[in-house]
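A short write-up of the structure that comes next.
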Amino acid sequence: MNNKGFEFSFAWIFAIIVGAVVIFLAIYTTTSLIGNSRYESDTKIAAQLQSILSPIETNLEEGKSIVLGFSDETRIYNECRNFGTFGEQKLSTATKSGIGKEWMEPGVAAKSSNKYIFSSKILQGKEIYVFVKPLKMPYKVADMMFMYTGKYCFVNPPNDIEEEINDLQLPGITINNSENCPLGSRKVCFSSSGCDIDVRFNVEDDSSGSVVKKEGTVRYESGLIYGAIFSDFDVYGCQVERLMKRNSELAQLYAAKTNFLSGEGCSSNLAGDLISYSDSLKEADSGKLSFIKLLSDGLKEKNDRLNCKLF
């Protein structure tokens, strides 16, 4: 046997193995560092996103809209949790990478108890579209934020919705008949059926009705129509329940306010109605929206007749 040849071959094999291990460790260390960096970056993006969304909340306006632009393909994770008095809104993000795993788990979520974001559970893109509308039942309850991506075609919407979309200049949404919708857009039918999403109005009032998708049917009232269109249904249901709980707390505050004003010589006799309204809201969900709207309209009519208006 040629011992020198054997030693030479073994030395080369050993060197190759050691080299492979070193390369593997270098790649593993690099990807781990990149992974940690991405996690930290995604956590910061979620926190910044929370800050960006706050200024677009409405004051006296009936709506606002913005476009969120990202340098890389980004996923936004929308999680709604309904517990306690106000529940919780959680937003987290993850960015696409060409190194290591294409998508990692999202970073730490930014949490809020006073934001109500209606969207799919996961939004993905370099541009995310956002618009905001206040929910009034009968006073302002909160701002509702609607987030979406991609293209939508609204087929024969009522005039008020068409005007609203045009006024807010919402990107990605076209208004057309079914035959002329852009290729690849999700069709939303308002006066017919057979689209990706069908909106069915109540006969007596087109500001309320139901939205039908493959996953089922949900009720809506007023501005909540957009939440029903753009949201996954479990996100929609959770946010509606959170909004009703907030409304319940506000009704209690207005009841206290009317008692205070009565002591100042400005009686409204609405305290009992407001407390009853608050009780009805505590366990309300999207299935009870029609009943809640009736109570809300009754309160508004009584408030409008007052000399000292509560809201």
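Per our numbering: the sequence shown = residues 531 to 841.
We put the CB at the ideal spot given by N, CA and C, even for glycine.
- C-alpha of residue 680 to C-alpha of residue 661: approximately 14 Å in a straight line.
- Looking at the DSSP output, residue 719 sits in a beta bridge with 685 and 728.
- By the C-beta criterion, the region 716–723 is judged to be in contact with the region 684–691, since at least 3 inter-stretch pairs fall below 8 Å.
- The criterion of a C-beta distance shorter than 8 Å is not satisfied by residue 767 and residue 826.
- DSSP links residue 804 through a beta bridge to no other residue.
- Taking 3 residues as the minimum length, the beta strand (DSSP E) runs contained wholly in the region 723–793 are 727–731, 738–743 and 746–751, in order along the chain.
- Runs of the alpha helix (DSSP H) spanning 4 or more residues and lying entirely within the region 651–685 do not occur at all.
- Contiguous alpha helix (DSSP H) elements confined to the region 594–657 do not occur, taking only those with 4 or more residues.
- Annotated three-state conformation of residue 710 is helix, per DSSP.
- If you check the CB distance, residue 803 and residue 773 do not come in under 8 Å.
- Ranked by Cα distance from residue 779, the first of 655, 631 and 812 is 812.
- Only buried fits residue 648, as 16 or more other CB atoms lie within 10 angstroms of its CB.
- Nearest to residue 643 by C-alpha distance, out of 610, 666 and 570, is 610.
- Between the region 600–616 and the region 652–660, the count of C-beta pairs closer than 8 Å reaches three or more; the two stretches touch.
- Taking residue 760 as the centre and dropping the five residues before and after it, the same chain places the C-beta of 648, 649, 650, 676, 677 and 678 closer than 8 Å to its C-beta, in chain order.
- By the neighbour-count criterion, in which a residue is buried when 16 or more other Cβ atoms sit within 10 angstroms of its Cβ, residue 814 is buried.
- Note that the C-beta distance between residue 571 and residue 625 is below 8 Å.
- Taking 8 Å as the cut-off, the Cβ atoms of residue 671 and residue 777 count as close.
- Residue range 819–834 is occupied by the alpha helix (DSSP H) that includes residue 819.
- The Cβ atoms of residue 749 and residue 824 lie no closer than 8 Å to each other.
- Counting the other Cβ atoms within 10 Å of the Cβ of residue 781 gives 16 or more, which makes it buried.
- Distance from the CA atom of residue 695 to the CA atom of residue 795, rounded to whole angstroms, is 45 Å.
- Within 10 angstroms of the beta-carbon of residue 711 lie 16 or more other beta-carbons, which makes it buried.
- Of the residues assessed, residue 833 falls on the buried side of the cut-off, its CB having 16 or more other CB atoms within 10 angstroms.
- Burial is judged here by how many other beta carbons sit within 10 angstroms of a residue's own beta carbon; residue 664 has at least 16 and is buried.
- For a cut-off of 8 Å, the C-beta gap from residue 652 to residue 682 is around 17 Å, too long to register as a contact.
- The closest CA to that of residue 738, considering only 725, 573, 758 and 745, is found on 758.
- A straight-line Cα-Cα distance of about 21 Å links residue 691 and residue 669.
- By the neighbour-count definition (other C-beta atoms within 10 Å, threshold 16), residue 838 is an exposed residue.
- Nearest to residue 700 by alpha-carbon distance, out of 596, 613 and 797, is 596.
- Take the alpha-carbon of residue 633 and the one of residue 573: they are about 14 Å apart.
- Linking residue 789 to residue 840 through their CA atoms gives a straight-line distance of about 11 Å.
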